[in-house]
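Every letter in the sequence shown is one number past the one before it in UniProt numbering, and letter 242, counting from 1, is 242.
Take a look at the structure below.
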Amino acid sequence: MTLSLQRHTVATPDGARLAAYRHEPADLPADAPTVVLAHGWLLSYRAWLPVAERLAERGDVRVVAWDQRGHGDSTFAAGSRRPQQESVRRLGSDLAAVIDALVPEGSPVHLGGHSMGGMTVMAFAGAHPDVFAERVQRVLLASTAMGELRGTGLPLEQQVMAFAAKAPGRPGRLVSNKIARQQFGTVADRADVAATRAMLGGTRVSTWGSYYGALMRHDESAAMSTLAQVPVTVVVGRRDGLTPRKLGERLAAAIPGAELEVLEGVGHMTPFETPDLLVRSLLGTSTADAPR
């Protein structure tokens, strides 16, 4: 089955308008699983397309993805294109709104979060533990961390990003192929690098800066006990320079029963680099379990 995404607008309590996308096979029962995918910093729902396409081929799950607020076609609060005091916890509440709007009652939710999207999943578990316990069946956390990001940046990075939070426009061509390529491991498909470059270059400079601060403040260590209620897989590339392997290892160690996958030669862009493995982790299946 071919991926066919229908666009929806999800309104949040503070007036943000989230561009969301749902794939639903014909005649799929309401209680069939729904895979909900949260993308990373400076990206868009398109970062999950390789995974979404493989999920669609199965024909037995619905798929939901969205542009996180301030990214892609989604706004900030009150429909504004200007950031407020952004936080990862607010992104977690956005995820709750997406589930409420686009996942049928009775459908078990399989959550996938990449990079900042993984932090979004953690924030959702921390802020909405009752909803998490009622609706979520499985979690994938890819290339992410529960906190501890302070001190991982470059010299003067904090000052530059504070300035960027108030700057207009988009970086566009200032984002080079080299910058995009650095997000990958030893092997990178040219089309995947180009797609990553387009997402980075198309994200407003103010979003770069405002979410940098949010990520540095992020700490969802208190949510680990909620996450432990369901099967959790943590995936990290050994060549990930943004959320290094040690952060993935600490995350997995903090969630009782979590499975850790450390991938040789893989960088930060795991949805592009290892989509088949992420599909299996999202569904809790082996290759042999896929419908034929």
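All C-beta atoms in this analysis are idealised placements derived from N, C-alpha and C, irrespective of residue type, glycine included.
Out of the options, point me to the one whose CA is closest to residue i's CA.
i: Gly-172; options: Arg-204, Thr-144, Arg-181 and Met-146; result: Arg-204
i: Ala-142; options: Val-51, Ala-26 and Gln-6; result: Val-51
i: Gln-182; options: Arg-7, Phe-132, Val-266 and His-110; result: Val-266
i: Gly-213; options: Leu-282, Val-136, Met-199 and Met-116; result: Met-116
i: Gly-169; options: Gly-147, Phe-184, Arg-245 and Trp-208; result: Trp-208
i: Met-146; options: Leu-278, Asp-31 and Ile-255; result: Ile-255
i: Met-199; options: Val-35, His-39 and Val-136; result: His-39
i: Val-187; options: Lys-246, Arg-245, Ala-258 and Phe-272; result: Phe-272
i: Val-234; options: Ala-20, Arg-197, Gly-118 and Leu-242; result: Gly-118
Give a yes or no on whether 8 Å exceeds the smallest Cβ distance from residue i to chain C.
i: Ala-47; result: Looking for chain C here will not work: only one protein chain is present.
Name the one or two DSSP bridge partners that residue i has.
i: Leu-260; result: Val-234
i: His-23; result: Val-63
i: Arg-17; result: Ala-11
Roughly how many angstroms separate the alpha carbons of residue i and residue j, rounded to a whole number?
i: Gly-269; j: Leu-174; result: In the sequence as displayed, the identity of residue 269 is Met instead of Gly. When rounded, the distance between both Cα atoms is 20 Å.
i: Pro-104; j: Lys-178; result: 42 Å
i: Arg-81; j: Pro-13; result: 17 Å
i: Gly-126; j: Thr-226; result: 7 Å
i: Val-10; j: Leu-102; result: 8 Å
i: Thr-287; j: Arg-280; result: Bear in mind that the predicted position of Thr-287 carries a pLDDT of just 44, short of 50, making it unreliable; the figure below should be weighed with that in mind. Cα to Cα, Thr-287 sits roughly 7 Å from Arg-280.
i: Gln-33; j: Val-139; result: The amino acid occupying residue 33 in the given sequence is Pro; Gln does not appear at that position. Taking the straight line joining both Cα atoms gives about 13 Å.
i: Leu-5; j: Met-224; result: 32 Å
i: Gly-15; j: Arg-239; result: 39 Å
i: Pro-155; j: Ala-252; result: Note that Pro-155 scores a pLDDT of 48, beneath 50, so its modelled location is shaky; the value from the coordinates is reported in the next line. Approximately 29 Å between the Cα atoms of the pair.
i: Pro-275; j: Arg-190; result: 16 Å
i: Gly-70; j: Met-1; result: 31 Å
i: Leu-263; j: Val-236; result: 6 Å
i: Leu-55; j: His-110; result: 12 Å
i: Leu-278; j: Val-230; result: 17 Å
i: Arg-135; j: Ala-194; result: 36 Å
By the DSSP assignment, the beta strand (DSSP E) with residue i in it spans what residues?
i: Ala-11; result: 6-11
i: Val-35; result: 34-38
i: Gly-113; result: 109-114
With respect to the alpha helix (DSSP H) encompassing residue i, which residues constitute its N-terminal and C-terminal limits?
i: Val-139; result: Where Val-139 is concerned, there is no enclosing alpha helix (DSSP H), although the beta strand (DSSP E) it sits in stretches over 136-142.
i: Leu-95; result: 88-102
i: Gly-213; result: 205-217
i: Gly-248; result: 245-254
i: Gly-202; result: 190-202
- Stretch-stretch touch, CB-based, cutoff 8 Å, three pairs: the segment 213-222 with the segment 84-103: yes
- Query: Between the segment 19-37 and the segment 59-66, do at least 3 Cβ pairs fall closer than 8 Å?
  - Reply: At 8 Å Cβ cutoff, the stretches touch.
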